[in-house]
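Asker: Take any residue in the sequence shown, count from 1 to its spot, add 3: that is its number in the working numbering. The beta-carbon is built from N, C-alpha and C at its ideal position, and this holds for glycine as well. Here it is, the structure, as structure tokens.
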Amino acid sequence: MSAMRGRQGRELRRAKEIAEGVVPQLNARRRASKERAAAAEAETIATDAAEIEAKKKTAKQQDAKLTSKHGAKREAGLGSDVEPRTVEPKQAEVVIPADAARGLLVSDADAEERLDQFLAARLEGVSRARVQLLIAQEKVTVTGADGAASVTGSKLRPSYKLSSGELVRVIGQAKLKPLRAIAEDIPLEIIYEDADLAVVNKPAGMMVHAGAGHEIEDERGKGTMVNALLHHLTNLSQPESELRPGVVHRLDRQTSGLLVVAKNDVAHQKLSEAFAARETTKQYLALVQGRMKQDSGSINTPISRDVNRRTRMTTRRSDGRPALTHWKVRERLATPWGEFSLLDVKIETGRTHQIRAHMSSIGHPVVGDTLYGAATEIKQMPAARQKATLRFLQLKRNFLHAAKLGLRHPTSGEWIEWEAALPIELEAFLRELRGLE
Numbered sequence: 004m005s006a007m008r009g010r011q012g013r014e015l016r017r018a019k020e021i022a023e024g025v026v027p028q029l030n031a032r033r034r035a036s037k038e039r040a041a042a043a044e045a046e047t048i049a050t051d052a053a054e055i056e057a058k059k060k061t062a063k064q065q066d067a068k069l070t071s072k073h074g075a076k077r078e079a080g081l082g083s084d085v086e087p088r089t090v091e092p093k094q095a096e097v098v099i100p101a102d103a104a105r106g107l108l109v110s111d112a113d114a115e116e117r118l119d120q121f122l123a124a125r126l127e128g129v130s131r132a133r134v135q136l137l138i139a140q141e142k143v144t145v146t147g148a149d150g151a152a153s154v155t156g157s158k159l160r161p162s163y164k165l166s167s168g169e170l171v172r173v174i175g176q177a178k179l180k181p182l183r184a185i186a187e188d189i190p191l192e193i194i195y196e197d198a199d200l201a202v203v204n205k206p207a208g209m210m211v212h213a214g215a216g217h218e219i220e221d222e223r224g225k226g227t228m229v230n231a232l233l234h235h236l237t238n239l240s241q242p243e244s245e246l247r248p249g250v251v252h253r254l255d256r257q258t259s260g261l262l263v264v265a266k267n268d269v270a271h272q273k274l275s276e277a278f279a280a281r282e283t284t285k286q287y288l289a290l291v292q293g294r295m296k297q298d299s300g301s302i303n304t305p306i307s308r309d310v311n312r313r314t315r316m317t318t319r320r321s322d323g324r325p326a327l328t329h330w331k332v333r334e335r336l337a338t339p340w341g342e343f344s345l346l347d348v349k350i351e352t353g354r355t356h357q358i359r360a361h362m363s364s365i366g367h368p369v370v371g372d373t374l375y376g377a378a379t380e381i382k383q384m385p386a387a388r389q390k391a392t393l394r395f396l397q398l399k400r401n402f403l404h405a406a407k408l409g410l411r412h413p414t415s416g417e418w419i420e421w422e423a424a425l426p427i428e429l430e431a432f433l434r435e436l437r438g439l440e
């Protein structure tokens with residue numbers, strides 16, 4: 004029987020059908036089996052996360068490539084006996100220059116410029132988002148040459164177009180919104196940190212931040228990377244959201260790897276602009292089901308929300324956002340469990356579930372990613388079953404790891420790159436596939 008027949012063949016066909024928007028119809032037995040599997044998965048998430056962190060600690064002792072500034076003082080595991088504590092924003096107050104308090108004169112060259120752009124260019128170390136907060140809280144006034152207010156109070160908008168001869172004053176500090184997050188003493192591997200940013204190696208099983216509507220005492224809002232950051236770092240940016248201080252970009256919950264975090268608003272704005280302008284590099288390691296025929300390729304198909312299953316994305320709608328993924332085969336594996344391909348993947352856009360949706364769309368879902376059609380259990384091929392005791396493999400996370408991150412430092416302008424080795428649970432899974440365990 005060929006490698007594409009049997010259970011794996013059915014799983015790959017199902018992945019293609021899902022990518023095309025076809026919802027598989029399950030009989031009662033299959034439906035009950037799926038429900039049991041989902042329930043078991045939910046029950047084991049916390050245990051898996053703790054086991055992953057314990058294994059990561061062992062891996063660190065064997066691999067000296069990555070060292071954590073903070074890790075030596077912390078125990079492995081995602082849990083903590085320390086009670087979470089709420090925190091106020093740790094962002095330093097904006098220093099208002101004396102001339103801004105007295106008034107900044109709008110020249111002929113500045114006429115027709117937006118108010119927020121005008122102030123952001125003249126207030127050193129103040130982001131445009133913070134300027135907009137100052138305007139919203141009525142801490143900015145604009146008066147004409149005759150001293151009369153051009154626009155008053157709440158009617159003044161960041162988009163207000165200035166006129167020559169007007170005087171712009173900053174008359175107070177903006178009050179930051181209280182954070183809807185909690186500081187928790189959660190172990191976190193911080194592989195780089197300076198005054199402007201930090202780079203974190205996020206484990207699988209950890210959400211980057213709580214979702215909207217999660218109150219700080221809600222269990223679903225605990226154990227996030229943001230909560231850990233609030234405990235370990237002195238400052239975090241807070242440009243717009245009380246839920247996501249410091250967060251510049253994200254990784255899916257079951258994806259591990261490198262994330263950059265902003266420690267002040269100016270760094271946040273520059274880093275966000277760099278990601279939006281595709282001036283950063285992000286490279287992932289992904290293990291996908293099946294043998295990739297070509298050595299490399301690109302997937303350039305738009306991605307949008309699946310209208311039938313709102314928890315996933317699709318490449319089948321015409322109104323999707325542009326998304327570009329490049330992949331290159333690092334290794335092809337012919338194993339007793341079928342064929343797999345280990346890929347280096349680079350993305351030029353950062354759409355939700357981009358790599359997962361793109362790989363599923365070409366019939367090669369990421370191993371462990373059951374949402375996009377990957378096998379729940381990877382069984383041995385028929386020939387292997389005849390020679391040995393029946394075994395199956397199961398990976399309770401996605402085999403997707405953000406291995407490399409490169410960007411230009413927001414202050415120095417220096418290009419910096421970081422690398423993070425595969426987590427030990429993914430290395431162990433590869434060893435099993437290769438027959439080394």
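If you draw a straight line from the alpha carbon of Thr146 to that of Ser153, how long is it in whole angstroms?
Answerer: 5 Å
Asker: Looking only at C-alpha atoms, which of Ile419, Ser259, His271 sits nearest to Arg247?
Answerer: His271
Asker: With DSSP collapsed to three states, give me the class of Asn267.
Answerer: coil
Asker: Going by Cα to Cα distance, which pick from Ala360, Thr414, Ala132 is closest to Val119?
Answerer: Sequence inspection shows Asp at residue 119; the Val mentioned does not correspond to that position. When only C-alpha atoms are compared, the closest one is Ala132.
Asker: Based on Cα-Cα distance, which residue from Pro339, Gly371, Arg324 lies nearest to Gly353?
Answerer: Arg324
Asker: Between which two residues does the alpha helix (DSSP H) containing His234 stretch?
Answerer: 228 to 235
Asker: Provide the residue(s) that pair with Trp418 in DSSP beta bridges, ordered along the chain.
Answerer: Arg411
Asker: I think Ser307 touches Arg315, with their Cβ atoms under 8 Å apart; what is that distance to the nearest whole Å?
Answerer: Going by Cβ atoms, the distance from Ser307 to Arg315 rounds to 11 Å, so no, they are not a contact pair.
Asker: Please look up how many angstroms separate the CB atoms of Ile185 and Asn230, rounded, as I've assumed it's under 8 Å.
Answerer: So it is a contact: roughly 5 Å between Cβ atoms.
Asker: For Ala79, name the three-state secondary structure that DSSP assigns.
Answerer: With a pLDDT of 32 at Ala79, under the threshold of 50, the modelled position of that residue is not reliable, and the figure given next carries that caveat. It is coil, neither helix nor strand.
Asker: Using CA coordinates, which residue listed in Ala289, Leu233, Leu170 is at the minimum distance from Ser110?
Answerer: Ranking the options by Cα distance to Ser110, first place goes to Leu170.
Asker: Quick one: Cα of Asp268 to Cα of Ser162, how far?
Answerer: Their Cα atoms are separated by approximately 20 Å.
Asker: List, from N- to C-terminal side, the beta strand (DSSP E) runs of 3 residues or more that fit wholly inside the segment 145 to 188.
Answerer: 152 to 154, 170 to 173
Asker: Can you round the beta-carbon distance between Leu408 and Ala277 to whole angstroms, since I take them to be within the 8 Å contact cut?
Answerer: Contact doesn't hold; Cβ gap of about 12 Å is too wide.
Asker: What is the rounded straight-line gap between the Cα of Ala151 and the Cα of Ala265?
Answerer: 40 Å
Asker: Between the alpha carbons of Val332 and Val251, how many angstroms are there, rounded?
Answerer: 29 Å
Asker: Identify, in the order they occur along the chain, each residue of the same chain with its Cβ nearer than 6 Å to the Cβ of Val134, setting aside the five sequence neighbours on each side.
Answerer: Asp119, Leu122, Ala123
Asker: Provide the residue span of the alpha helix (DSSP H) that contains Gln357, from first to last.
Answerer: 357 to 364
Asker: Would you give the residue range spanned by the alpha helix (DSSP H) that Arg125 belongs to?
Answerer: 118 to 125
Asker: Can you tell me whether Ser344 is helix, strand or coil according to DSSP?
Answerer: strand
Asker: Identify the continuous beta strand (DSSP E) that holds Glu196 and give its terminal residues.
Answerer: For Glu196, the enclosing beta strand (DSSP E) stretches over residues 193 to 196.
Asker: Please name the residue, chosen from Val211, Lys273, Leu262, that lies closest to Lys225 on a Cα-to-Cα basis.
Answerer: Val211
Asker: Does the Cβ of Gln64 have 16 or more other Cβ atoms within 10 Å, making it buried, or fewer, making it exposed?
Answerer: In this prediction, Gln64 has a pLDDT of 40, which is less than 50 and means its spatial position is unreliable; what the coordinates show is noted afterwards. Exposed, since its Cβ has fewer than 16 Cβ neighbours within 10 Å.
Asker: For Arg131, name the three-state secondary structure that DSSP assigns.
Answerer: helix
Asker: Determine the DSSP secondary structure at Glu428, reduced to helix, strand or coil.
Answerer: helix
Asker: Got a sec, what are the start and stop residues for the beta strand (DSSP E) Val202 sits in?
Answerer: For Val202, the uninterrupted beta strand (DSSP E) segment begins and ends at 200 to 205.
Asker: Go ahead and pull the three-state DSSP assignment for Arg324.
Answerer: If DSSP states are grouped into helix, strand and coil, Arg324 belongs with the strands.
Asker: Note down the Cα distance separating Arg117 from Ala280, rounded to an integer number of angstroms.
Answerer: 22 Å
Asker: Short of 8 Å in beta carbon distance, which residues of its chain neighbour Lys2, apart from the five on each side in sequence? Order them along the chain.
Answerer: Residue 2 is absent from the model: the chain starts at 4 and stops at 440.
Asker: If you draw a straight line from the C-alpha of Ser201 to the C-alpha of Ile350, how long is it?
Answerer: Before going on, a small fix: residue 201 reads as Ala here, not Ser. Spanning the two alpha carbons is a distance of roughly 22 Å.
Asker: Using the C-alpha atoms, what's the distance from Val310 back to Ile193?
Answerer: 38 Å
Asker: Would you tell me roughly how many angstroms separate the C-alpha atoms of Val203 and His235, rounded to the nearest one?
Answerer: About 11 Å.
Asker: Would you kindly work out how many angstroms separate the C-alpha atoms of Met228 and Arg172, rounded to a whole number?
Answerer: 39 Å
Asker: Residues in the same chain with beta-carbon distance under 6 Å from Met209, minus the five sequence neighbours each way, listed in chain order, please.
Answerer: Around Met209: Met228.
Asker: How many Å lie between Leu254 and Gly260 at the Cα?
Answerer: 8 Å
Asker: State the DSSP-derived secondary structure class of Arg312, mapped to helix, strand or coil.
Answerer: coil
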